[in-house]
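Read through the structure below, which is laid out as structure tokens, and then see the notes.
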Amino acid sequence: MLILLGIGCCNVSTYSENMSITMGGEVIFSFFLLPYLLVGGLYGYLISSLVFVIGFIYTLIYNMDYAYIMSVYLVATLCFSFIGQYMWFKTIKWTILGATITLILDASFETLCFSVIPSNGYALDQMKNFLKSLSQEAIVIYVIALLFHLYYSKAPDSWKYQFPISAAYTGYYLEEDVKRKLRKTKVSYKITFIIIAVEFLLAFFVAVFMVALFPDLKDMFAAGIHVGKVNSDLEAIEIAKRIENMKYTLNATAISYDIKMMLLMLCVGVPMASVANFYTKTAIGAPLGNMSDFMKRYAEADDEKKLEVGREVDEIAVRSHDEIRIVYDSIKETVHAIEDYIGRIKTEHELEKELEVAKEASEAKSVFLSNMSHEIRTPINAVLGLNEMILRESGETQTLEYANSVKSAGNTLLGIVNDILDFSKIEAGKMDIIPVEYHLSSTINDLVNLIAVKAEDKHLELKFNIDKTLPVRLIGDEIRIKQCVTNILTNAVKYTEKGSVTLNVSYRKADDDSIYLRFQVIDTGIGIREEDIERLYSPFERIDEIRNRSIEGTGLGMSIVKKLLALMDTRLEVKSTYGKGSDFSFEVKQKVASWEELGDFRERYREYLGKQQKYQESFIAPGATILVVDDTPINLTVVKGLLKATQIRVDTAESGMETIELVKKKKYDCLFIDHRMPEMDGIETLDALKKMCGNLSKDTPCIALTANAGAGAREEYIAAGFNDYLSKPVSGESLEEMLKQYLPKDKVILTAKDAGSDSSFEGAEDDEFAVLNKLQGIDLSEAEKNCGSQKLLVDVVKEFLTTINTKADSIEKFAADRDYRNYTVNVHALKSSASLIGAMELSQLAAHLEDCGNSDDEAEIMNKTPELLELFRSYNEKLSAINGDVDESELPEIGEDELKNAFGDIRELVEAYDYDTADGIMNMLSEYRIPKDYKDKYERVRQLISAVDRDALISLLED
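Going by our numbering, the final residue of the sequence shown carries number 1005, and the count climbs one at a time with no gaps.
If you want it as structure tokens, here you go:
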């Protein structure tokens, strides 16, 4: 089809006069434009331009004089090309408009080429020729245009794909890939415009340059005369002279010459511009446009979308090997670099998120461990504190042995808690090895006592081989060493069903001041597979789980052992035969405090125990006064008991607000402040003390006293402004050492260590405590176990009874006010105190509501609190028997004046913070019958003294 049209175009270029219909010598219409209109409308500007160039060349060869007439065909071709390309043929309106524009332009060029230029006539009468051209070309142009409209708008798409322009009417060019390849860009438009403008400028300047070139043209014409055929030489000379005398004149002929030149330039320049435009679109415009679109989308995309959009850079087609390729490669490298950067940033953000999650988990774990430490250590504190008082005050050997067994068992219980706490500390990198002097026979005996019962329960033979030449006193971290050996021994007993467990303790000398202390544990248990030995140290992982499923354990023990030994610059050695037994050993370097030989360690321990049987305070300070702040009254009792022999005056407070009032009245030598308290905790209390005016104890050392022993606890309290940190359970020795460090030196009187103690604990008759059997709602055996003795239980129950109403009112008020922080603190305290007296149902209900408070479960708090309060207040009746069955009518009645004087004395004592003497007066009053009119006031005073509510007491007793 294209070849036939091309031949037709070449034919009409030279024989256009034969392609018309005439009537009476007048041309009715012509159709010489037909092949060019078809080529333009079907193939577009590029192919039609190439066909035109072929026709133009053909004309230059066979009809050069009329080559400028080819501009008429050029106009028709380009008009239909652009009408088709811009889809004007899709609607009848735009088809007619396009055909009209083509007709006007083509008629204008026909008039110029066929009438104006040949006749050099530039008068207005040429309009007749213009109208004639319009009528001659109208039929073919409109008919072809309408045919194109019908073809492009009505014909099936399958008929259109064979021609470039008609394919556009199928939607093919709407595909993104095709649009990107053939996109129109400002660059292509500019290049096309520049080429056509240059052609016009060249044609214009040809006319200008004719003036300069005219002399040369004259010479060329004159020289040509002598060569050509003339009648005589004289005639030739004459003609030459005339030519030489000619002057350039701008007339109609010159103008026609310039117009011809312009038309010829257009015939060359416009096809060149078309080819340049297409090349620019495909080779320059499309890549640049695609890169521009890509960079715009890439710049507007967020970081998440950038990675997705960035992948499109590899799909941009750039076939040239010039600067565009360099730009593309640079963009590609930049995008990939940005992708890598975003990837790294994303990875870093993910790592930061994971680190944040891990940090939050670690903080949550620390909070949990802190809470657990507080919950478990508070009752242990009471048990070990009271047991310490027995060790100090008892003079009976058998009692001391029992007390030491209690002490050892209590420390073992603490060890269970410490396993988890220590793992947390090690994980946080806050575990320190603290070398102290210790007695080796005591260490070994603790190990023997710890494991002997467990081994006996399993009917295992327990063997000990202790080197008698071992130095008796060493310097090292006894607690960590004992912890490691305890874990190994415990595992050996757990995983041995029959046979024996052997502990070997030996040493080798390192130098004159130290030894390598070696512990070896050999068992005849199940053994460990070779491939499982490394898994032995994985936290929370147990070996041979299926076989050992009935054996309890957390899987932390050996992991802690490994890490503790690493902190002490040593390691655990393991030898094991599966099914036969295991051999665990390590040696740790220890300084020697005394080279005295251990000998028989059991005998040495008995001697050591004998020296420790009689407690001797390390100092006395009768002139010193300290304040101990704790919301749990039993803890205050323990501290006062531990310091009784030191003669220190101990004032107590149960809240931060009470502490603030006390320091306004008295200067203390040392303050011990518990962390967890209602309303104001210990840190808030310390902060308030430092900021308040009128604080007489502003420069007094403040010691944090708390059961929180988690990783970082010490650093937390020091950073909060405390001078030091004392962990519960408080030992008498550590408490005295702390006071020796912080009390004024002039108030501390050191005592001789071998001095005897004149105080002793005298046991009471069982009948004295028969009243306990009359109490209701408590588990008496649990209560005795918690308090350690019936005597202390009586005191604790009495104290519990006097605080029921005030504590219940506080809980009820905090619940009503939705003050769940103080509500949770109060039910937490109730949980502990109720458990202490054996009121287990009350304790469990309080524990449930404490959990609700921690989780902000308001609905459950509102639902269960009335039940708690009803049960709590019912203990007023259930525990009333603790005050005895004495018939008040048999007691002597105290006179009103004497009672008033007693109340006045109590008020003065409370104002002076002398609660002990005030308690003594209340005990004295309990031996008398209180007048009826004062009975309510007496009961209120008793409750307030028990609650140590100073302000309320003073207010009540002012009347």
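Ideal Cβ positions, reconstructed from N, Cα and C, are used throughout, including at glycine.
For clarity, every value in this text was computed on a predicted model and none was experimentally measured.
Per DSSP, the continuous alpha helix (DSSP H) segment holding Glu904 begins and ends at 904-924. The DSSP-derived three-state label of Val531 is helix. Each of Asp478, Asp492, Leu971 was checked against the Cα of Lys609, and the nearest Cα belongs to Asp478. Buried is the label assigned to Asn872, since at least 16 other Cβ atoms lie within 10 Å of its Cβ.
Around Phe718, the same chain offers Val674, Ile749, Leu751 as residues with beta carbons nearer than 6 Å, after the five sequence neighbours per side are excluded.
About 33 Å separates the Cβ atoms of Ile666 and Thr849, ruling out a contact at the 8 Å cut-off.
Where Asp997 is concerned, the enclosing alpha helix (DSSP H) starts and stops at 996-1003. In this structure, the CA atom of Ile330 is about 55 Å from the CA atom of Lys405. Residue pairing from DSSP places Val547 in a beta bridge opposite Leu508, Asp569.
Counting only the Cα atoms, Glu576 lies some 32 Å from Asp492. In the assembly as shown, Ile561 is a buried residue. Its beta-carbon has 16 or more other beta-carbons within 10 Å. For Gly86, the enclosing alpha helix (DSSP H) stretches over residues 80-108. Thr515 sits away from Glu642, with the two beta carbons spaced by 8 Å or more. Taking each of Ser376, Ile384, Thr911 in turn and checking the Cα distance to Asp348, the smallest one comes out for Ile384. For Met723, the CB contacts under 8 Å within the same chain, skipping 5 residues up- and downstream, are Val675, Asp676, Asp677, Glu700, Ser701, Gly702, Thr731, Val871 in chain order. Excluding the 5 residues flanking it on each side, Leu917 has same chain C-beta neighbours closer than 8 Å at Glu887, Leu888, Leu891, in chain order. The DSSP assignment places 671-675 as complete runs of the beta strand (DSSP E) inside the segment 659-696, in order along the chain (cut-off: 3 residues). Around the Cβ of His721, a 10 Å sphere holds 16 or more other Cβ atoms; the residue is buried. Between Leu955 and Ala948, the beta carbon gap of about 11 Å keeps them out of contact (Cβ cut-off 8 Å). Assigned with DSSP and collapsed to three states, Cys898 falls in helix.
Looking at the backbone, the Cα of Ile512 and that of Thr623 are separated by about 25 Å. Exclusion of the five residues before and after Met970 leaves Ala948 as the residues of its chain whose Cβ lies within less than 8 Å of its Cβ. Ranked by how close their Cα comes to the Cα of Ile187, the residues Leu106, Phe209, Leu79, Asp825 have Leu79 in first place. Classified as exposed, Asp943 has fewer than 16 neighbouring CB atoms from the shown chains inside 10 Å of its CB. Below 8 Å, enough C-beta pairs join the segment 844-863 and the segment 987-1002 to call them touching: three or more. Nearest neighbour of Ile694 by Cα position, chosen from Pro164, Glu707, Ile672, Leu158, turns out to be Ile672. Setting aside the 5 residues that flank it on each side, Gln636 is surrounded in the same chain by Leu520, Ile521, Gly522, Ser560, Ile561, Leu563, each with a C-beta closer than 7 Å to its C-beta; the list follows chain order.
In this structure the segment 491-507 lies against the segment 540-558, because at least three pairs of beta carbons, one per stretch, are closer than 8 Å. Taking a contact as a CB-CB distance under 8 Å, the pair Cys125 and Leu151 counts as one, their CB atoms being some 6 Å apart. For Ser204, no beta strand (DSSP E) encloses it, and the DSSP letter there is neither H nor E. Under DSSP, the beta-bridge partners assigned to Ala699 are Val675. Contact annotation: the segment 101-111 does not touch the segment 167-176, with fewer than three C-beta pairs closer than 8 Å. A Cβ-Cβ separation of about 6 Å places Arg953 in contact with Ile1000 under the 8 Å criterion. Rounded to the nearest angstrom, the gap between the Cα atoms of Gly456 and Ser878 is 18 Å. Judged by DSSP secondary structure, Val499 falls within the alpha helix (DSSP H) whose first and last residues are 486-503.
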